[in-house]
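Chains as they are written, first to last, in numbering that gives the first Met the number 0: chain F, 0 to 293; chain R, 0 to 229. Note that CB positions come from ideal geometry on N, CA and C, so glycine has one too. Right, one structure below, let's go through it.
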Amino acid sequence: MSLRDAVARNVRDGDVVVIEGFTHLISFAAGHEIIRQRRRDLTLCRLTPDLIYDQMIAAGCAKKLVFSWAGNPGVGSLHAFRRAVEGGTLEIEEYSHFGMVARFSAGAARLPFWTLRDYAGTDLPKANPRIKSVTCPYTGEALATVPALNPDVTIVHAQRADAQGNAQIWGLLGVQKEAAFASERVIVVVEELVDERVIRSDPNRTLIPAAIVSAVVVEPWGAHPSYAQGYYDRDNDFYVGWEEISRDRAELAHYLDEFVYGVQDRAEYMKKQSRLMERLKAGEQRCAGVNYGF
Amino acid sequence: MAAVAARELADGEVVFVGIGLPNLACNLARRTHAPNLVLIYESGAVGATPSRLPVSIGDPALVTGSLMVCGMADVFQLFLQNGRIEVGFLGGAQVDRHGNINTTVIGDYKRPKVRLPGSGGAAEIAIHAQRILIVSKLSPRTFPERVDFVTSPGQRVKRVITDKAVLEPDDKGELMLAALYPGIEAADVKAAVGWNLRARARLDRLDPPTAAELQLLREVLDPKRLYLKS
Numbered sequence: 000m001s002l003r004d005a006v007a008r009n010v011r012d013g014d015v016v017v018i019e020g021f022t023h024l025i026s027f028a029a030g031h032e033i034i035r036q037r038r039r040d041l042t043l044c045r046l047t048p049d050l051i052y053d054q055m056i057a058a059g060c061a062k063k064l065v066f067s068w069a070g071n072p073g074v075g076s077l078h079a080f081r082r083a084v085e086g087g088t089l090e091i092e093e094y095s096h097f098g099m100v101a102r103f104s105a106g107a108a109r110l111p112f113w114t115l116r117d118y119a120g121t122d123l124p125k126a127n128p129r130i131k132s133v134t135c136p137y138t139g140e141a142l143a144t145v146p147a148l149n150p151d152v153t154i155v156h157a158q159r160a161d162a163q164g165n166a167q168i169w170g171l172l173g174v175q176k177e178a179a180f181a182s183e184r185v186i187v188v189v190e191e192l193v194d195e196r197v198i199r200s201d202p203n204r205t206l207i208p209a210a211i212v213s214a215v216v217v218e219p220w221g222a223h224p225s226y227a228q229g230y231y232d233r234d235n236d237f238y239v240g241w242e243e244i245s246r247d248r249a250e251l252a253h254y255l256d257e258f259v260y261g262v263q264d265r266a267e268y269m270k271k272q273s274r275l276m277e278r279l280k281a282g283e284q285r286c287a288g289v290n291y292g293f
Numbered sequence: 000m001a002a003v004a005a006r007e008l009a010d011g012e013v014v015f016v017g018i019g020l021p022n023l024a025c026n027l028a029r030r031t032h033a034p035n036l037v038l039i040y041e042s043g044a045v046g047a048t049p050s051r052l053p054v055s056i057g058d059p060a061l062v063t064g065s066l067m068v069c070g071m072a073d074v075f076q077l078f079l080q081n082g083r084i085e086v087g088f089l090g091g092a093q094v095d096r097h098g099n100i101n102t103t104v105i106g107d108y109k110r111p112k113v114r115l116p117g118s119g120g121a122a123e124i125a126i127h128a129q130r131i132l133i134v135s136k137l138s139p140r141t142f143p144e145r146v147d148f149v150t151s152p153g154q155r156v157k158r159v160i161t162d163k164a165v166l167e168p169d170d171k172g173e174l175m176l177a178a179l180y181p182g183i184e185a186a187d188v189k190a191a192v193g194w195n196l197r198a199r200a201r202l203d204r205l206d207p208p209t210a211a212e213l214q215l216l217r218e219v220l221d222p223k224r225l226y227l228k229s
């Protein structure tokens, strides 16, 4: 399925949308497609909104942001996010990373909430009344709780999947498994489509099974400027450059015009930047073989 | 500051590594006196041996050659909440008299003057790591009497490493001047802190970075000066 069709069918105005991936495997291609299709009033959830949600906020897709760390890693601020929050035009619901992970874990296990030892002495529960506490029925200890997060749609970028959507991921795993299992619909976007035999040859590497996948899309370089371990490196220069672009509304609008609205799909986006592939292509670092025999 | 922070780490310790200067300090320690330091990144890399200085804590170089890579639910539940982390390294836009850290907001939460990134893992790191080290440049703006927002509580803070001095909590948790950099006087430090900073009766003098530390920092670890700005 094309990404255009996958987004058209699975992402609706007003949805709770998750594009997960901790630094690694962030589906910029899907974010750009949602911008092109001019989805509105989305509740965007992610641990780290990263540049992709900064772009979606700037494009007017977001009504609300649910998050735990909203910066440009190693660089500084997400300026569209900051303008929206400081200007009071974006609703926010804020946790810590552990809180967000726990929300997805509860959602994935279809429990109403998750307990964690956290937040004592912090101001986060004052800022977010959905962080509550419960008394342990066994020990009497007070534990923090966060509510389950069950998105309408979760989009995950993976290195490879078969046609049914059995998706394999290696490298940093983030919280994609929990987010996908918590979600009503799941779009898997992959670097490579492989035969089912390849998946079956290494089943421990499957993070997301076809049973929970609504759509499979093949989109090489779909995570750029994020990265795909073993395929291409993170485009740190782009992340550093985003500081200048996002600081200025007009610059940011110009970026979206050229690289999002101005292209039809990821293939065209890559064609505009032909030297990227050479600059970021991953080196070789193979693992030792594993015997699954019995 | 990176060299002073690196010396705080003992060989073999398990360290939860944050972004920026802590990252640099941990990698310096690993290449000098603490080759068996176990670096754990909240992104899921355990026992990482990055061959380049990671720009982010999710850099692919953290994965290549590490001992284990796990999901973030495992990092927070099985490592951090389980009590397996000995040292947590944190920075902050504001650090107050009691070692509380603010990385959330300057001004009122609902009408922020400056919206900062937020907690990330910093809230739970401050609660669960056995020993917290803070790394932050000294200035009255950064060291107010009270932070505008407590992102990470200060109870487990053991040392605050700045660019002029090291502060340590007294038995009630109030930060005191403990050690000075070469050429810095106590008055310089007091003038850069937003409360009436008390000093220990005997102040330590910190050694300047060695030639070997400087060479590693400037030529090997951070040749592009991503973190070594001064």
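DSSP bridge partner residues for residue i (one or two, in chain order)
| i | result |
| --- | --- |
| F:A166 | F:A160 and F:I207 |
| R:N237 | This structure cannot speak to residue 237 of chain R, because chain R is shown only from 0 to 229. |
| R:V74 | In DSSP, R:V74 forms no bridge with anything. |
| F:K63 | F:T42 and F:E90 |
| F:A227 | F:Y231 |
| F:Y319 | The first residue shown for chain F is 0 and the last is 293, placing residue 319 of chain F beyond what the model contains. |
| R:M175 | R:E167 |
| R:D203 | R:A178 |
| F:E243 | DSSP lists no partner for F:E243. |
| R:L38 | R:V14 |
| F:L192 | F:A160 |
Nearest-angstrom Cα separation, counted from residue j out to residue i
| i | j | result |
| --- | --- | --- |
| R:S229 | R:E167 | Reliability fails at R:S229, whose pLDDT of 49 lies under 50, so the model's placement of it is uncertain and no value is given. |
| R:S65 | F:A61 | 37 Å |
| R:G11 | R:G46 | 11 Å |
| R:Y226 | F:T153 | 35 Å |
| R:V74 | R:D221 | 27 Å |
| F:F80 | R:P116 | 10 Å |
| F:R204 | F:E177 | 15 Å |
| F:V217 | R:K157 | 50 Å |
| R:D170 | R:I39 | 30 Å |
| R:R6 | R:H32 | 8 Å |
| F:E283 | R:D147 | 48 Å |
| R:P59 | F:L171 | 8 Å |
| R:V159 | R:L132 | 6 Å |
| F:A28 | F:P219 | 10 Å |
| R:A4 | R:V16 | 12 Å |
| R:K163 | F:E250 | 39 Å |
Unbroken alpha helix (DSSP H) run spanning residue i, endpoints
| i | result |
| --- | --- |
| F:R248 | R248 to L255 |
| F:R35 | F27 to R35 |
| R:C25 | L20 to R30 |
| F:L112 | Rather than Leu, the amino acid found at residue 112 of chain F in this sequence is Phe. Careful: F:F112 lies outside any alpha helix (DSSP H), inside the beta strand (DSSP E) at F112 to L115. |
| R:A210 | A210 to Q214 |
| F:R82 | H78 to E85 |
| R:L132 | From DSSP, R:L132 is part of no alpha helix (DSSP H) but of the beta strand (DSSP E) over R130 to V134. |
| F:V100 | H96 to A107 |
| R:A2 | A1 to R6 |
| R:V188 | A185 to A190 |
Segment limits, beta strand (DSSP E) that includes residue i
| i | result |
| --- | --- |
| R:G106 | V104 to G106 |
| F:A141 | A141 to P146 |
| F:R3 | From DSSP, F:R3 is part of no beta strand (DSSP E) but of the alpha helix (DSSP H) over L2 to N9. |
The segment 155-168 of chain F / the segment 181-195 of chain F touching (three or more Cβ pairs under 8 Å): yes
Contacting positions in the segment 14-39 of chain R - beta carbon closer than 8 Å to chain F: I18 and G19
Three CB pairs or more closer than 8 Å across the segment 3-10 of chain F and the segment 32-46 of chain F: yes
Residues within the segment 170-199 of chain F neighbouring chain R, beta-carbon criterion of under 9 Å: G170, L171, L172, G173, V174, Q175, K176 and E177
Interface positions of the segment 42-59 of chain R facing chain F (Cβ-Cβ less than 9 Å), listed along the chain: S42, G43, A44, P53, V54, S55, I56, G57, D58 and P59
Three or more C-beta pairs below 8 Å linking the segment 70-85 of chain F and the segment 143-152 of chain F: no
Touching by the beta-carbon criterion (3+ pairs, under 8 Å), the segment 167-181 of chain R and the segment 117-124 of chain R: no
Selection of the segment 205-236 of chain F by Cβ proximity to chain R, strictly under 7 Å: Y226, Q228, D232, R233 and N235
Contact residues within the segment 66-79 of chain R, judged by C-beta distance below 9 Å to chain F: V68, C69, G70, M71, A72, D73, V74, F75, Q76 and L79
Contacting positions in the segment 109-123 of chain F - beta carbon closer than 8 Å to chain R: L115, R116, D117, Y118, A119, G120, T121, D122 and L123
Residues, ordered as in the chain, of the segment 110-121 of chain R that lie near chain F by beta-carbon distance below 9 Å: R110, P111, K112, V113, R114, L115, P116, G117, S118, G119, G120 and A121
Within 7 Å of chain R by C-beta, residues of the segment 272-290 of chain F in sequence order: Q284
Stretch pair the segment 139-155 of chain R + the segment 75-82 of chain R: three plus CB contacts closer than 8 Å: no
Selection of the segment 89-100 of chain F by Cβ proximity to chain R, strictly under 7 Å: E93, S95, H96, F97 and V100
At least 3 beta-carbon pairs within less than 8 Å: the segment 228-235 of chain F vs the segment 270-284 of chain F: yes
Contact the segment 48-65 of chain F vs the segment 93-108 of chain R: 3+ CB pairs below 8 Å: no
Near-chain R residues of the segment 49-68 of chain F - C-beta to any C-beta below 8 Å: F66, S67 and W68
The segment 197-216 of chain F contacting the segment 257-275 of chain F, beta-carbon criterion three pairs below 8 Å: no
Residues, ordered as in the chain, of the segment 168-185 of chain R that lie near chain F by beta-carbon distance below 9 Å: none
Stretch-stretch touch, CB-based, cutoff 8 Å, three pairs: the segment 85-96 of chain R with the segment 101-116 of chain F: no
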